[in-house]
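FYI, in my numbering the residues of the sequence shown are 7 to 90. Idealized CB from N, CA, C, for every residue including glycine. Okay, so here's the structure we're looking at.
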Amino acid sequence: MLLVLIPWLITYGFRRKAAAPTQNLPLRWYIMTFLGIAVVAVLGLNVASVLIHSGPGPLAIATIFVLSFASVAFIATYSTFLLD
Numbered sequence: 007m008l009l010v011l012i013p014w015l016i017t018y019g020f021r022r023k024a025a026a027p028t029q030n031l032p033l034r035w036y037i038m039t040f041l042g043i044a045v046v047a048v049l050g051l052n053v054a055s056v057l058i059h060s061g062p063g064p065l066a067i068a069t070i071f072v073l074s075f076a077s078v079a080f081i082a083t084y085s086t087f088l089l090d
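See the structure below:
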């Protein structure tokens with residue numbers, strides 16, 4: 007999950023700017039990126055078994071985060087794709 011989530015968080019802003027160069031990044035992108043960094047930190051701590059006991063909880067939270075981020079991004083940009 008970390009191998010997918012980290013590059014995705016890093017490149018999403020660049021890909022969005024390339025797709026819509028005249029638009030600024032919305033506030034939801036900053037919020038979701040900050041939450042993504044927190045999720046990556048918790049997953050890293052779970053893998054290293056530092057401060058928290060290893061278990062499936064952080065992985066479930068990360069999966070829910072990825073699904074919610076993708077759905078928010080899709081719903082927010084769907085109208086733009088319909089116009090093109």
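Is residue i buried or exposed, if buried means 16 or more other CB atoms sit within 10 Å of its CB?
| i | result |
| --- | --- |
| residue 75 | buried |
| residue 92 | Since the first and last residues shown for the chain are 7 and 90, residue 92 lies out of range. |
| residue 31 | exposed |
| residue 71 | buried |
| residue 19 | exposed |
Work out the CA separation of residue j and residue i for me, nearest whole Å.
| i | j | result |
| --- | --- | --- |
| residue 83 | residue 39 | 17 angstroms |
| residue 23 | residue 16 | 12 angstroms |
| residue 86 | residue 25 | 10 angstroms |
| residue 89 | residue 55 | 48 angstroms |
Spatial neighbours of residue i within its chain, please: CB distance less than 8 angstroms, with the 5 preceding and 5 following residues excluded, ordered by chain position.
| i | result |
| --- | --- |
| residue 49 | 7, 8, 11, 64, 65, 68 |
| residue 60 | 52, 53 |
| residue 78 | 34, 38 |
Note down, in chain order, each residue of its chain lying with its Cβ closer than 6 angstroms to the Cβ of residue i, except the 5 sequence neighbours on either side.
| i | result |
| --- | --- |
| residue 45 | 68, 71 |
For the region 29-64, which segments carrying the alpha helix (DSSP H) assignment without a break, of at least 4 residues, lie completely within its bounds, in sequence order? 33-54
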